[in-house]
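Visitor:
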Amino acid sequence: MKMNGINHVNITVSDLEKSQKFYSEVFGMEEA
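In numbering that gives the first Met the number 0, the protein residues as written are 0 to 31.
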């Protein structure tokens, strides 16, 4: 079976604001 993409990622962090900034700036992730 071929994977077409990722639909959902769950990441547990200690500082939500810093983590949101990091993952959005570095990886281009968006909060859903």
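We treat Cβ as the ideally placed atom computed from N, Cα and C, and that holds for glycine.
Once DSSP output is grouped into helix, strand and coil, what is the label at E16?
Guide: Taking the first residue of the sequence shown as position 1, residue 16 is located at position 17. Residue state, collapsed to three classes: helix.
Visitor: What does the alpha-carbon distance come out to for the pair Q19 and N3?
Guide: For the purposes of this step, residue 19 is taken as residue 20 along the sequence shown, with counting starting at 1. For the purposes of this step, residue 3 is taken as residue 4 along the sequence shown, with counting starting at 1. Approximately 25 Å between the Cα atoms of the pair.
Visitor: Please return the same chain residues whose Cβ sits closer than 7 Å to the Cβ of G27, not counting the five positions on each side in sequence.
Guide: Residue 27 sits at position 28 when you count from the first residue of the sequence shown. Answer for G27: no residue qualifies.
Visitor: My output table needs one value for V25: the three-state DSSP class, helix, strand or coil.
Guide: Residue 25 sits at position 26 when you count from the first residue of the sequence shown. If DSSP states are grouped into helix, strand and coil, V25 belongs with the helices.
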